[in-house]
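Okay, so here's the structure we're looking at.
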Amino acid sequence: MLIGIIVTEIVRPRPINWRPSYTSVSKIPFGCFVLFNELPNIFSNSEIESVESSMYDALIHRDSTIPSNYIIINDYIYLDEQETNQVLKYVANGNQVFIATNNLTGQLADTLNIEVTQQYGIQEDSVKASFTNKNFKQKNFFFTRGVNPSYFASVDTVNTEILGHLQFKTSNFLEDNNDEIKVQPNFIKTSFGKGNFIINTLPVAYTNFYMLGDNTKYSTQSFSYLNDNLLYWDDYKKSGRKVITSPMRFVLNQPALKWSYYLLVIGLLLFVIFKAKREQRIIPVIKPLENSSVAFAKTVGSLYYQNKDYTNLNHKKITYFLTYVRNRYYVNTTVLDENFITQLSAKAGKSKDDTKTLIELILRLKNKPVHTEQDSLVLVQKINTFKQSYGR
Numbered sequence: 072m073l074i075g076i077i078v079t080e081i082v083r084p085r086p087i088n089w090r091p092s093y094t095s096v097s098k099i100p101f102g103c104f105v106l107f108n109e110l111p112n113i114f115s116n117s118e119i120e121s122v123e124s125s126m127y128d129a130l131i132h133r134d135s136t137i138p139s140n141y142i143i144i145n146d147y148i149y150l151d152e153q154e155t156n157q158v159l160k161y162v163a164n165g166n167q168v169f170i171a172t173n174n175l176t177g178q179l180a181d182t183l184n185i186e187v188t189q190q191y192g193i194q195e196d197s198v199k200a201s202f203t204n205k206n207f208k209q210k211n212f213f214f215t216r217g218v219n220p221s222y223f224a225s226v227d228t229v230n231t232e233i234l235g236h237l238q239f240k241t242s243n244f245l246e247d248n249n250d251e252i253k254v255q256p257n258f259i260k261t262s263f264g265k266g267n268f269i270i271n272t273l274p275v276a277y278t279n280f281y282m283l284g285d286n287t288k289y290s291t292q293s294f295s296y297l298n299d300n301l302l303y304w305d306d307y308k309k310s311g312r313k314v315i316t317s318p319m320r321f322v323l324n325q326p327a328l329k330w331s332y333y334l335l336v337i338g339l340l341l342f343v344i345f346k347a348k349r350e351q352r353i354i355p356v357i358k359p360l361e362n363s364s365v366a367f368a369k370t371v372g373s374l375y376y377q378n379k380d381y382t383n384l385n386h387k388k389i390t391y392f393l394t395y396v397r398n399r400y401y402v403n404t405t406v407l408d409e410n411f412i413t414q415l416s417a418k419a420g421k422s423k424d425d426t427k428t429l430i431e432l433i434l435r436l437k438n439k440p441v442h443t444e445q446d447s448l449v450l451v452q453k454i455n456t457f458k459q460s461y462g463r
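Counting along the sequence shown from 1, when you hit position 366 you're at 437 in this note's numbering, and nothing is skipped either side.
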């Protein structure tokens with residue numbers, strides 16, 4: 072049965088992974104393997120360089136004398152303050168950044184004065200995308216899967232040119248006519264300094280699922296707004312990027328530490344192999360039983376102390392003392408009267424006044440409904456004095 076389960080799991084067809092990835096090596100429907108390999112054909116006069124580090128590191132270490140383009144495609148994009156400042160400086164010096172995302176937030180969106188809104192629907196529906204450029208041969212494209220329509224709710228009209236629109240349905244369940252067709256801008260070109268930001272809110276259009284279909288020209292036509300310069304392909308800010316979070320990541324990235332780790336593992340394996348032979352078992356040391364009476368008494372005492380139940384504690388202390396008197400001096404403790412005090416003082420070798428003081432304290436505490444901590448201290452002190460005065 073186990074072998075059958077294993078064989079079944081191996082040979083059964085794998086379900087299609089519809090999660091967004093956008094990496095250059097991902098061949099799943101929403102990866103960018105096809106687009107990345109087609110970039111040399113789209114940009115035939117450009118050198119293409121894949122970026123595996125953060126945008127800040129890539130831009131700060133580049134040759135600033137060479138004009139270039141930077142392409143970043145992902146379902147969401149957020150740049151921190153350092154990355155934002157660096158990419159703004161990069162564009163202001165005459166370069167271009169192409170961004171395809173349906174969720175652009177942070178300081179970059181605030182600086183460009185743009186706002187991206189996403190349209191959510193209960194069921195997936197087709198979306199029509201179009202270009203405003205009349206020179207394009209194909210202007211309308213239809214996207215049917217994986218599309219969450221995103222569009223620009225506001226843009227900087229002074230520095231922005233609308234390059235394309237989205238047409239989609241919106242549902243309003245509060246009205247009888249619950250379907251409404253909306254046309255909103257989704258592709259813009261925003262100038263900043265000497266360069267431009269080219270932003271598209273339909274990143275799935277650049278994935279394998281649509282690059283292998285009839286919508287290939289959507290990506291190629293949208294890339295026509297970039298110059299034939301050095302091209303940076305961002306493969307770092309991706310939803311499908313594999314991030315190693317293991318603590319061994321640093322060790323395995325350092326050659327010296329890596330080989331030290333391997334030698335340690337090999338040494339441990341050799342030690343286990345050669346020490347696996349049968350050896351005499353170690354004779355266990357059996358400790359004698361300990362007298363736990365004192366520990367038990369301390370435990371019980373600590374419980375009473377934590378609960379602050381002085382009344383119950385005093386009653387038990389009185390009971391134990393009277394039991395001690397019966398067993399030690401053979402005196403009847405049923406009635407604690409004058410005759411009892413006389414007998415106890417005589418047999419215990421204690422003065423009658425001290426014995427009477429102790430018995431009166433006991434009678435007073437037995438009749439008292441609620442005891443205090445001071446009552447417990449006085450009772451213990453009197454009893455201990457009575458027992459220890461004559462070495463008892």
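Glycine included, every Cβ here is placed at the ideal spot set by N, Cα and C. Bear in mind that the values here come from a model prediction, so they are computed numbers and not experimental data.
Using the rule of at least 16 other Cβ atoms within 10 Å of the residue's Cβ for burial, across every protein chain shown, is residue i buried or exposed?
| i | result |
| --- | --- |
| Asn378 | exposed |
| Phe212 | buried |
| Val226 | buried |
| Phe268 | buried |
| Phe321 | exposed |
| Leu273 | buried |
| Thr409 | As written in the sequence, residue 409 is Glu, which differs from the Thr given in the question. Counting Cβ neighbours within 10 Å, Glu409 comes out exposed, since fewer than 16 surround it. |
| Val122 | buried |
| Ala417 | exposed |
| Thr203 | exposed |
| Lys358 | exposed |
| Leu360 | exposed |
| Asn271 | buried |
| Gln57 | Residue 57 lies beyond the residue range present for the chain, which begins at 72 and ends at 463; the question has no answer from this structure. |
| Ser97 | buried |
| Ile170 | buried |
| Gly290 | Note that residue 290 is Ser in the sequence shown, not Gly. Looking at its Cβ environment, which holds 16 or more other Cβ atoms inside 10 Å, Ser290 is buried. |
| Lys309 | buried |
From the options, pick the residue whose C-alpha is nearest to that of residue i; which is it?
| i | options | result |
| --- | --- | --- |
| Ile144 | Thr278, Asn112 and Asp151 | Thr278 |
| Val441 | Val158, Tyr381 and Tyr289 | Tyr381 |
| Phe457 | Asn410, Tyr395, Glu444 and Pro220 | Tyr395 |
| Tyr222 | Lys205, Leu234 and Asn257 | Asn257 |
| Pro100 | Asn88, Leu110 and Asn108 | Asn88 |
| Ser447 | Val254, Arg399, Gly372 and Val229 | Gly372 |
| Gln255 | Gly266, Lys265 and Thr241 | Thr241 |
Once the 5 residues before and after residue i are set aside, which same chain residues still bring their CB inside 6 Å of it?
| i | result |
| --- | --- |
| Leu415 | Val402 and Thr426 |
| Leu301 | Glu118, Ile137 and Ser139 |
| Leu179 | Leu150 and Thr155 |
| Gln190 | Pro220 |
| Asn174 | Tyr147 |
| Arg83 | none |
Less than 8 Å between C-beta atoms, sequence neighbours within five positions excluded: which residues of the same chain meet that for residue i?
| i | result |
| --- | --- |
| Asn286 | Phe212, Phe213, Phe214 and Ala276 |
| Gly462 | For Gly462, the predicted structure reports a pLDDT of 42, less than 50, and the residue's modelled location is therefore unreliable. A value from the coordinates is still provided. None. |
| Ile454 | Lys388, Phe392 and Leu429 |
Sorted by chain position, which residues of the same chain lie with C-beta nearer than 7 Å to residue i's C-beta, five sequence neighbours on each side aside?
| i | result |
| --- | --- |
| Gln325 | none |
| Gly149 | What sits at residue 149 in the sequence shown is Tyr, not Gly. Excluding residues within five positions, the ones whose Cβ falls inside 7 Å are Thr176 and Gly177. |
| Lys205 | none |
(request) Assess, as a yes-or-no matter, whether the stretch 197-213 is touched by the stretch 170-186 under the definition of 3 or more beta carbon pairs within less than 8 Å. (result) No, the stretch 170-186 is not in contact with the stretch 197-213.
(request) Check whether the stretch 421-428 touches the stretch 352-366, counting contact only when three or more Cβ pairs, one atom from each stretch, lie closer than 8 Å. (result) Verdict: no, contact absent.
(message) Three or more C-beta pairs under 8 Å: does that hold for the stretch 378-390 against the stretch 435-454?
(response) At 8 Å Cβ cutoff, the stretches touch.
(request) Please specify which runs of the alpha helix (DSSP H), each continuous and at least 4 residues long, are wholly inside the stretch 256-313, giving them in chain order. (result) The stretch 256-313 contains these whole alpha helix (DSSP H) runs: 279-282 and 287-293.
(message) Does the contact criterion of 3 or more C-beta pairs under 8 Å hold for the stretch 292-307 versus the stretch 137-155?
(response) They touch, by the three-pair rule.
(message) Extract the residue ranges of the beta strand (DSSP E) inside the stretch 88-153, only unbroken runs of 3 or more that lie entirely within it.
(response) DSSP runs (the beta strand (DSSP E)) wholly in the stretch 88-153: 119-122, 139-144 and 148-150.
(request) For the stretch 125-136 and the stretch 258-267, state whether three or more C-beta atom pairs, one from each stretch, are separated by less than 8 Å. (result) No: fewer than three Cβ pairs fall under 8 Å.
(message) As an exercise, report each continuous beta strand (DSSP E) stretch of at least 3 residues that is fully enclosed by the stretch 368-403, in chain order.
(response) Counting whole runs of 3 or more residues, the stretch 368-403 contains no beta strand (DSSP E) stretch at all.
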